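Those sequence lines, one after another, are chains H and S. Converting from the first sequence to this note's numbering requires adding 348 to each position, the first position being numbered 1. Converting from the second sequence to this note's numbering requires adding 92 to each position, the first position being numbered 1. A quick write-up on the structure given underneath.
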Amino acid sequence: MTDKKTTLPLTAETPSRFRNTIGKYIIRRNSRCTSCGLCAKLCPYGVHPRYDNYAKPMRPQTHKCVGFACKDNDYYCVDRCPEKALSLRLNPIMETLGDYRWTTEMILGHWAMAESGELPVVDLEYSLGNSGGGFDKIRFKKAPKKDRLDISDEEIDTSIILNKRGDGRPEKKISIPCYGGGMSYGSTALPVIIGRARAAKRLNTLTCTGEGGYPEELVPYKDHVITQMATGLFGVREETIQHAPVLEFKYAQGAKPGLGGHLLGDKVTPEVAAMRETVVGNALFSPFPFHSVYSVEDHKKHVDWVKQVNPRLLASVKVSTPTDVDMVAVGSYYAGAHIVHIDGSYGGTGAAPDIAKKNIAMPIEYAIPKVHRFLLDEGVRDNITLIASGGIRNAMDVAKAIALGADGVVIGTAEMVAMECVRCGNCESGRGCARGIASTDSELGYIITQEWTEQRIVNMYMAWRKQWCNLLRSFGMRSIRELVGRSDLLVHLDYLEEKERSRYQPAPSEALIL
Amino acid sequence: MQHNHDALIETILKSRAKLPRSAVPMNKAAEEGGCGVTGFIASIPVAGRHIFEPSVQMHNRGNGKGGGIAAVGLSAKDLGVTQDILDSHYLLQIALLDPKSLPEIESTFIDPLFEVHKAQQLQTVDDFRDIDGLDVKPPDVQRYFVRVKKGFLDQYIEDNNLYKMDPRKIEDELVYQNSIRINQQFYASLGEKQAFVLSHGRNIMILKIVGYAEKVVQYYCMDDFKAHGWIAHQRYPTKGRVWHPGGAHPFIGMDEALVHNGDFANYHAVSEYLQEHNIFPQFLTDTEVSALLLDLYNRTFEYPLEYIIEALAPTTEHDFDLLPSEKQQAYRYIQAGHTQGAPDGPWFFIIARNNPYKNYFQLIGITDTAMLRPQVFALQEGEVQIGLICSEKQAIDATLQSLSAEDSRFCPIADKYWNARGGSATDGGSFIFTVKDSDARDGTKDLVCTNKFGDVVKTMGNQTHYTVTPELRIPSKPDVIAETILDGLSMADISDFKDYCIKNLAIWDYDSLRYFCHQLCELSLQSDELKTRSIELLTHLNDMRYPTGDKKRSSVLHIIRDGLTRIFSASPKLSENSTSMYRYIDWSTRASLRAPQSDTEKVLVVNARDFPPEGDDCDARLICNAYESGWKQFICYGYKGQRFTGCGLAVGSDAVRFDVYDSSGDYLASGIDGMEIHVHDNAQDQLGQIMKRGKLVVYGDVGQTFMYGAKGGEVYIMGNAAGRPLINAVGRPRVVINGTCLDYLAESFMAGDPLNNGGFVILNGMEFDHSGRVVEQANPYPGSNLFSLASGGAIYVRDPYGRVVEDQLNGGEFVELSKADWELILPYLRENEKLFGISVTNDLLTVHGRRRSYKEVYRKVQAVKLDVLAKETGGEE
């Protein structure tokens, strides 16, 4: 427990890189407008910007509009417009964006968070998706009023500790219960990689190299960069092991267990090939599994090796979630790992083969409590950090994962969304990412800047932090570490009586997202 | 007759249907990845304490949650019975987890069925807590020498109409079925386990505990207990807080004990296969079903060993094509009928067994077809013979050191070390050491080593081992030797003297050699210069292959290495006052580590012997600290498998040099970036992973997954590489392998264009014969997969007869060697000549006594652009 107030990284307004930010609603202004300026004066959300000394109306910032809910307000511009020149409707683009897990509203909500660092004011359901299961069916119980703590966000501790072994290596505290997932040099643009690292530094957390080498540009942020060692061993050198505060062994990915990494020939540009020291234009397969690790004692040797190379390094073991994931976790603990990172089936970018995606590994919300309880029974839970990933989309998913038994989580997709990813799922195909994120193209890959990426990610996490603080306050907790394993605070809607269930907000249904 | 045989099998299997059983298991009870396995068998009985050292060596392959040993070919005297009883009676051992269950076991399962010749409870130490590291009390063990009551046996024969079968084999079956009943009632059906049968064969026994394997020997007071063959297993289970010894290895068939390192992916399928034959697992581990499979093939189906091995590890791909057609036909039948039951996934079995019908004992090692587990075989012949099988070489050396310390007929170094090539046409992935009565018929026994196909593995016959004596015996002409050394070492260039010594090593007797080494040790005390030269000379004699006359090479090496060890150990300690450039550090003096005193101190001599093999206190870590404080040259010796030598120095270690002696460990030279490492013996697994730059020289063989993911470096291997070398290597590694590889060489190789600063492997396919001559191996590359899915780099293979064929490539293509290619590789072959004495002109380019051009001798395999690598499917996170 801490009374110390934390200084939080500053948020800053970071608008979209594109001309028209996509919003839930569209406000249109027709030719009857006389540019009287009333709407600009009325709207507290800044939908109608206006120059001070220039009379012509500007295009409305429609993504800031709170929509039909505004009707009852006396500042509702549509009703108040003397010329009846304004009209409001739902943005039809909503129908084309998103999917069942990452609904349009969740994407828009995260864009709003990344832009402002605040929770969205527009009525967007950003905490629940439409998947019909998983985290969308799991809810926090309503906390009794008496439990509520009246403290500020700065007094709430959201940090977690990555080394609980007490083995003389650094404890390594990160200030939010999240760190960035591995995305390789080759899979994403360099400004994205550096921007993520800068954000990790600002937030005092970590990001991860993925399996593609360690660009020189990352070195200034090395205290916040995890070196990933995956089965292809691309770009891993003794030096990069020594840079790393944490080394992540990627044994498997939840999105495609039983398959190694895979970078298609078209993405292997001269720069990518040079970083990995391979042949330009040739697809790069990472084998499955590690050729040097076919058993738990080989794994121990593997862990011993990197610990020998860097005496301050922590070892993280990333595995997917087969049915015996609990035994894998315990095996990793005995092999000397500090972090067990379990990666469930929903995760991954669009790049994993469809046959593997969501079809092989166990959903993460089943895997977390299974591993957590098993570690408890073994008596080693307090000595290892359990990290979950794979389909953890938003702040409430993070909190739910922690209440199920994880210490923290790894975030990949949400960070991409903060960078305005539209979740089109074509990350692997060539260099043509429409948003310039998953591209190694010499032009496309630079329509994004490090500074912008950094601030967008910082903003999103700061908004998330607000959600966590609200939740923790309501349960009377001062630290997110008090939430670990509190599955008693959760309910699953499917297992509630009808009456009980009706007290919880239903997950968005098809109709809600048009 | 054949029909009768089938009918008998049918009857036996049917009779098992009445046995009590549990459901076919869907899953194993525990996940256990790998483990450490070790075993040896000797022509003479040896004491149980010798399994102690190798077991300790493999602690880091287990977690102390399960260990077990088996012994075969036991000493009747130590058991307190006559030889006749030992040979004829079943040695039934029951582990009593709950001693109170004994009366019920005896009244239900022992007394009604058996004539009990002798029953006793095994002696143990008084209190298990007296043994360090034993946290769980091992079970009480009840031992019986029994035969099935005649009336019972006759009745069974009559009931099942088995008159045509050997009654002794029926008796075996009754013992076996009785054990299944005991296990079902007192073990498998219970939540709280009470008792289980450890072993029930003839002249073989098993003991297992929760703890490390060697504690078995201590707890059951078996230090002095003698047997021909011993196997031990360190378990690494990862489930459940409460372990108990039932799940530990070895497991029994009938007269065999099996230990296993690995993990089946098809446990359920194998269990189903067994179910078809009314066999139901009771202990729910991979190892149990392996033992059950073995027993089914061996005792019920009566397959010859070769067919059993084929059923477990089928011959596939190119190797299958290489088999003679009659073998192909037989194997096709075996595979058709048994693939369903063949264990899939990484596995390595060591089996100790007795064949009471043919009167021999065997130690068998079998590797899976893909060779996914580490395995080393070794053989030593002479007045006594011993065969050894182990997960790691240093455990073999530890066994031999333990034996030779007590019995001078054993040498601490084996005559031969090698790996098996899984499911191959060359050795079948299996070697068998058989101990049987010698032809002399004087009660002595002989050991013969054969592979799956029955081909005998032998060492040079007409040589003798050295009998080590504590005192130095002065040879006939000591003065001549002493004088020669003085002259030789004072020459400006000692290369002539090296040649002289090598020539004389064939002629000298052991006493002369030992005296020679002794003199060098004495001289090296006099000055640094003499010391440096003595080390250089002895290292050369250690590294090179040459005729040794009537002396065993292993004994010669023993004496030379002993000399080196003495010279190294005599180096002044860091705390001593000395002007020597050599400084010594070991485990007990590790705290004295300091920076070298500027000009004088050059070489840090690290005795690794007592260092832990890994962890924050390991010798590799100490070396990193020494490097940081300014040391650049290291002599490291005394290894017994200590890992990570040379790791952790990172980028820019260009001026650093390591000389590594004795049994170095896994991951040596991994990640090195600039330095030079010379390994003066065979090296172990995972060498040179992600190696970036620098030079690695191995005066011997290297183990599994050598240079996985390497980015560069210049590497010379005198002997063979085991499975999967240079997988996923990129950048510009340049590697000369003078021997061959087991399989999967340079899979997914991506090392650019060799002619334009990329990487390559030169595979010479040569070996040294007994007299040190360089000769061709039968096939430069026998494996089925060469350069598979490679997108860059090249293999230059010395293949004057074109023995490597297209079928072995999966994505590569043969092209003619260009002049540019030859000019590229020639400097590396010249360096190779300098290091190992393998002459480019006289050895490599000479075929059958005739000089050839490089184009006729070397072939190039290069990458072709594969659709699978260029097509757009799938993707990466």
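All residues carry an ideal CB built from backbone N, CA and C; glycine is no exception. Fair warning: this is a prediction, and the values are worked out from it, not measured in the lab.
Quick one: complete beta strand (DSSP E) runs, 3+ long, within the region 682 to 711 of chain S?
You should have 695 to 699.
So Lys307/S is in the alpha helix (DSSP H); what residue range does that whole segment cover?
Boundaries of the alpha helix (DSSP H) harbouring Lys307/S: Glu306 to Tyr311, taken from the DSSP string.
Kindly indicate which three-state DSSP category Tyr395/S falls into: helix, strand or coil?
Three-state DSSP puts Tyr395/S in coil, outside helix and strand.
What separation, rounded to the nearest whole angstrom, lies between the Cα atoms of Asp635/S and Leu847/S?
Taking the CA atoms as reference points, Asp635/S sits about 32 Å from Leu847/S.
Three-way DSSP call (helix, strand, coil) for Ser135/S in this model
In the structure shown, Ser135/S sits in a strand (DSSP, three-state: E or B).
Which of helix, strand or coil DSSP assigns to Leu467/H:
Look at Leu467/H here: in three-state DSSP terms it is coil, with no helix or strand label.
Cβ of Met118/S less than 8 Å from any chain H Cβ?
No, because no Cβ of chain H sits closer than 8 Å to the Cβ of Met118/S.
What first and last residue would you give for the alpha helix (DSSP H) that runs through Met442/H?
No alpha helix (DSSP H) holds Met442/H; DSSP gives it neither H nor E.
For a contact meaning CB atoms closer than 7 Å, what does Gln590/H contact in chain S?
The contacting residues are Ala742.
Three or more beta-carbon pairs under 8 Å between the region 471 to 486 of chain S and the region 356 to 376 of chain S, yes or no?
No: the two stretches stay apart, fewer than three of their Cβ pairs being nearer than 8 Å.
Taking the straight line between their C-alpha atoms, what separation do you get for Leu434/H and Gly780/H?
Distance between the alpha carbons of Leu434/H and Gly780/H: 38 Å.
Are the beta-carbon atoms of Gly740/S and Cys716/S separated by less than 8 Å?
In contact: Gly740/S and Cys716/S (Cβ atoms closer than 8 Å).
Looking at chain S, is there any beta carbon in it that lies within less than 8 Å of the beta carbon of His639/H?
Yes, His639/H lies at the interface with chain S (some Cβ there is under 8 Å from its Cβ).
Endpoints, the beta strand (DSSP E) within which Val826/S is located
According to the sequence shown, residue 826/S is Arg rather than Val. Element bounds for Arg826/S: Arg826 to Ile829.
Evaluate contact between the region 646 to 659 of chain S and the region 819 to 828 of chain S, counting only Cβ atoms and requiring at least three cross-stretch pairs below 8 Å.
Using a C-beta cut-off of 8 Å, the region 646 to 659 of chain S makes no contact with the region 819 to 828 of chain S, since fewer than three inter-stretch Cβ pairs fall below that distance.
Does Val953/S get closer than 8 Å to chain H when you measure Cβ to Cβ?
No, no contact with chain H.
Closer than 8 Å at the beta carbon, the chain B residues around Leu581/H:
Going by chain labels, chain B is absent from the structure shown, which instead holds the protein chains H and S.
Who are the neighbours of Arg816/S on chain H, taking C-beta pairs under 8 Å?
Neighbours of Arg816/S across chain H, judged by C-beta separation under 8 Å: His639.
Which bits of chain H does Ala712/S rub up against, with CB to CB less than 7 Å?
The contacting residues are Gln656.
Specify, as a first and last residue, the run of the beta strand (DSSP E) that Phe440/S falls within.
The continuous beta strand (DSSP E) containing Phe440/S extends over residues Trp439 to Asn447.
Could you check whether the Cβ of Val584/H sits closer than 8 Å to any Cβ belonging to chain S?
Nearest CB-CB separation between Val584/H and chain S: below the 8 Å threshold.
Under 6 Å Cβ to Cβ from Gln477/S, same chain only, skipping five residues before and after it: list those, please.
Cβ contact annotation for Gln477/S (same chain, cutoff 6 Å, sequence separation greater than five): Ser135 and Leu539, in chain order.
Cβ-based burial, Ile599/S [other Cβ within 10 Å; buried from 16]:
So Ile599/S ends up on the exposed side.
From the beta carbon of Glu768/S, is the nearest beta carbon of chain H less than 8 Å away?
No, Glu768/S lies away from the interface with chain H (no Cβ there is under 8 Å from its Cβ).
Straight-line Cα distance separating Lys256/S from Glu250/S:
Answer to the nearest angstrom: the Cα atoms are 11 Å apart.
Which same chain residues, not among the five before or five after Glu502/H, have their C-beta less than 8 Å away from its C-beta?
Hits under 8 Å: Lys353, Thr354, Thr355 and Leu356.
Closer than 8 Å at the beta carbon, the chain S residues around Val665/H:
Result: empty, since nearest Cβ-Cβ is about 13 Å, beyond 8 Å.
So, is Leu564/S buried or exposed, given that buried needs 16 or more other C-beta atoms within 10 angstroms?
Around the beta-carbon of Leu564/S, fewer than 16 other beta-carbon atoms lie within 10 Å, marking it exposed.
Could you give the distance in angstroms between the alpha-carbon of Cys775/H and the alpha-carbon of Glu720/S?
CA-to-CA, the gap between Cys775/H and Glu720/S works out to about 44 Å.
Taking Cβ positions only, does Glu317/H come closer than 8 Å to chain S?
This structure cannot settle anything about residue 317/H, because the visible part of chain H is limited to 349 through 862.
Could you tell me the alpha carbon to alpha carbon distance between Tyr424/H and Ile690/H, rounded to whole angstroms?
Taking the CA atoms as reference points, Tyr424/H sits about 48 Å from Ile690/H.
With contact counted as at least three CB pairs below 8 Å, one residue from each stretch, are the region 617 to 631 of chain S and the region 669 to 679 of chain S in contact?
Three or more Cβ pairs closer than 8 Å define a contact, and the region 617 to 631 of chain S meets that threshold against the region 669 to 679 of chain S.
Contacts of Asp844/S in chain H (Cβ-Cβ under 7 Å):
Residue identity check: residue 844/S is Gly in the sequence provided, not Asp. Neighbours of Gly844/S in chain H, taken as residues whose beta carbon is under 7 Å from its own, are Val627 in chain order.
Taking a contact to mean a Cβ-Cβ separation below 8 Å, would you say Ala882/S touches Gly904/S in this structure?
Ala882/S places its beta carbon less than 8 Å from that of Gly904/S.
Does any residue of chain S bring its CB to less than 8 Å from the CB of Trp450/H?
Among the CB atoms of chain S, none fall inside 8 Å of the CB of Trp450/H.
For Val616/H, count neighbouring C-beta atoms within 10 Å of its own C-beta (all shown protein chains included) and say buried if the count is 16 or more, exposed if not.
It counts as buried.
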